[in-house]
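Student: What follows is a structure written as structure tokens; I'll ask about it next.
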Amino acid sequence: MNTRVQQNDSTRVQLPAATAAYWADRHVVITGGSSGIGLAVTELALGAGARVSVLALDDPAMTALAARTGEYDGRLATFTANVTSPDQIRAALNGARSQHGPIGAVIACAGIAKPGYFTELSESDFRNHMEVNYFGTLTPIREALPDMLTADRASITAISSSAPPPKPYAKNSSPRASPSPSSIPRTSTPPSWPPKPQPNPENSLPSPPAPP
């Protein structure tokens, strides 16, 4: 089996034979699988011979991926869905089962990030992060779980990523001065690392009570 897959950056990745064998012919559901890390995971799964169902937003990246379904002998299916909508997730997974059979793995890649200072983010921002990143991971797993509980082997993977914010990172791109280390008051001596072991009194367990 050819386990090599072309990546977007023209590099080649080859999975170990045992890894490719595990994923071969397995029905894998990948949320957010049309772009970024999700797309790389989609391509790796296809390269390993998996049957892949991608759930993602209806956007240009998803349109481009849907146009490639003919490249994989029917092993790639795409379903537009917003992971914040349980109804859309449920409908997409039913369609995935119709095309690829019972689900053997879920890889949750869908996620968002809105960097900002805590005091500047709105309540809506925090709730949106939870809806997409938490419930958007939880819901597909819960909906696919009945299939996986009856499978011989199954797996659940949740992926997250982070990147450093652009510099300077401040409102309106205006830099904020950071205090120098010497200007930060110290209230106590910082602990050493690694911590030194503390002596144990009498170096023993508590003695049993004396007999009456």
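Note that the sequence shown ends on residue 1268 in the numbering used here; no numbers are left out. Cβ coordinates follow ideal geometry from the N, Cα and C atoms, glycine included. Keep in mind that this is a model prediction, so the values were computed, not measured.
To the nearest angstrom, report how far apart A1073 and G1094 are at their CA atoms.
Tutor: Translated into positions along the sequence shown, residue 1073 becomes position 17. Translated into positions along the sequence shown, residue 1094 becomes position 38. When rounded, the distance between both Cα atoms is 22 Å.
Student: Short of 7 Å in beta carbon distance, which residues of its chain neighbour W1079, apart from the five on each side in sequence? Order them along the chain.
Tutor: Locating residue 1079 in the sequence shown gives position 23, where the first residue counts as 1. Cβ within range, chain order: A1101, A1104, G1105 and A1106.
Student: Kindly indicate the opening and closing residues of the alpha helix (DSSP H) around A1148.
Tutor: Working through the sequence shown from its first residue, we reach residue 1148 at position 92. A1148 -> alpha helix (DSSP H) spans P1142 to H1156.
Student: Apart from the five residues on each side of it in sequence, which residues of its chain come closer than 8 Å, Cβ to Cβ, to G1172?
Tutor: Here the question's residue 1172 lines up with position 116 in the sequence shown. Closer than 8 Å at Cβ, skipping near neighbours: D1181.
Student: Please list the segments of the beta strand (DSSP E) lying wholly inside the segment 1068 to 1107, counting only runs of 3 or more residues, in order along the chain.
Tutor: 1068 to 1070 and 1083 to 1087
Student: How far does the beta strand (DSSP E) with A1133 in it reach, from first residue to last?
Tutor: Indexing the sequence shown from 1 puts residue 1133 at position 77. Element bounds for A1133: L1132 to T1136.
Student: Could you say which of A1152, P1142, V1108 and I1145 lies nearest to E1127 if we only look at CA atoms?
Tutor: Within the sequence shown, residue 1127 is the residue found at index 71, counting from 1. The shortest Cα separation from E1127 among A1152, P1142, V1108 and I1145 belongs to V1108.
Student: Can you have a look at A1169 and say buried or exposed, based on whether 16 or more other CB atoms are within 10 angstroms of its CB?
Tutor: Numbered from its first residue, the sequence shown carries residue 1169 at position 113. The residue in question, A1169, is exposed, as its Cβ has fewer than 16 Cβ neighbours within 10 Å.
Student: Taking the alpha-carbon positions, what's the A1076 to R1183 distance?
Tutor: For this step, residue 1076 is matched to residue 20 along the sequence shown. For this step, residue 1183 is matched to residue 127 along the sequence shown. About 38 Å.
Student: Rounded to whole angstroms, what's the CA-CA distance from N1150 to G1088? Just pull it up for me.
Tutor: Taking the first residue of the sequence shown as position 1, residue 1150 is located at position 94. Taking the first residue of the sequence shown as position 1, residue 1088 is located at position 32. About 17 Å.
Student: How would you call F1174, buried or exposed, if buried means at least 16 neighbouring beta carbons within 10 angstroms?
Tutor: The residue given as residue 1174 occupies position 118 in the sequence shown. By the 10 Å Cβ count, F1174 comes out exposed.
Student: Helix, strand or coil, according to DSSP, for L1113 in the structure here?
Tutor: Within the sequence shown, numbered from 1, the residue matching residue 1113 stands at position 57. DSSP places L1113 in coil when its eight states are reduced to three.
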